[in-house]
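The opening position of the sequence shown corresponds to residue 115 in my numbering, with each subsequent residue numbered one higher. Built from N, CA and C at the ideal position, the CB exists for glycine as well.
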Amino acid sequence: MAILGILTDRENPEFTKADFLFWMPQFKNLEDIDTLFSNLYPIANDKIFYSIFGVDWKMAMSLCIAHYATLIGSNESTPSGSTLATIAGGGVTRGVISSASVGGFSKSYDLDKSIINEANAVWWNSTSYGAQLMALLKTKAIPSIFVVTNNPIPGAN
Numbered sequence: 115m116a117i118l119g120i121l122t123d124r125e126n127p128e129f130t131k132a133d134f135l136f137w138m139p140q141f142k143n144l145e146d147i148d149t150l151f152s153n154l155y156p157i158a159n160d161k162i163f164y165s166i167f168g169v170d171w172k173m174a175m176s177l178c179i180a181h182y183a184t185l186i187g188s189n190e191s192t193p194s195g196s197t198l199a200t201i202a203g204g205g206v207t208r209g210v211i212s213s214a215s216v217g218g219f220s221k222s223y224d225l226d227k228s229i230i231n232e233a234n235a236v237w238w239n240s241t242s243y244g245a246q247l248m249a250l251l252k253t254k255a256i257p258s259i260f261v262v263t264n265n266p267i268p269g270a271n
């Protein structure tokens, strides 16, 4: 039996901190931008492929790095200490706020129109950058054709 499929090219072109800061200028004054970029770039490079995103690849890489950076930043504001009791508040489950009101003012969002409501998007939807990345991914054609035959294909190894 032979199974043939379209493989995703996982080789990406060069992506630099300058590319990231072009798309995410809000990070340019960050004190530890070099450490942040050097730690998050390999993660993004293993998840975001030029063969999928094409001309939007640098933006997608930047959104992925910003997503992880935002998650790290949210951990910086959680309680810290030397005992479990002092850090227990940091493990609170968070979600997307669906409505808020202050006094006579209230605001709500129809998130079904702006956030991808699929199981594989839940983690990405935890930041606005991740939600943008998932929306950008939906504009791309992802190769996923597979052919199964009963016999081996001559010349294919």
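Notebook entry, point to check: Distance, Cα to Cα, Asn153 vs Ile162?
Noted result: About 15 Å.
Check: Under the rule that 16 or more other beta-carbon atoms within 10 Å means buried, what is Gly217, buried or exposed?
Finding: exposed
Note to self: Using a Cβ-Cβ cutoff of less than 8 Å, which residues in the same chain neighbour Ser228 once the five nearest sequence positions on both sides are dropped?
What the structure shows: The pLDDT assigned to Ser228 is 49, lower than 50, so where the model puts this residue is not dependable; a value taken from the coordinates is nonetheless given after this. Once the five neighbours on either side are set aside, the close Cβ partners of Ser228 are Ala245, Ala249.
Margin query: Here's the rule: buried if 16 or more other CB atoms are within 10 angstroms of the residue's CB, otherwise exposed. What is Asn239?
Written below: buried
Next item on the list: Quick one: grab the DSSP three-state call for Ser196.
Entry: coil
Item checked: Continuous alpha helix (DSSP H) stretch holding Lys172: start and end -> 171–190
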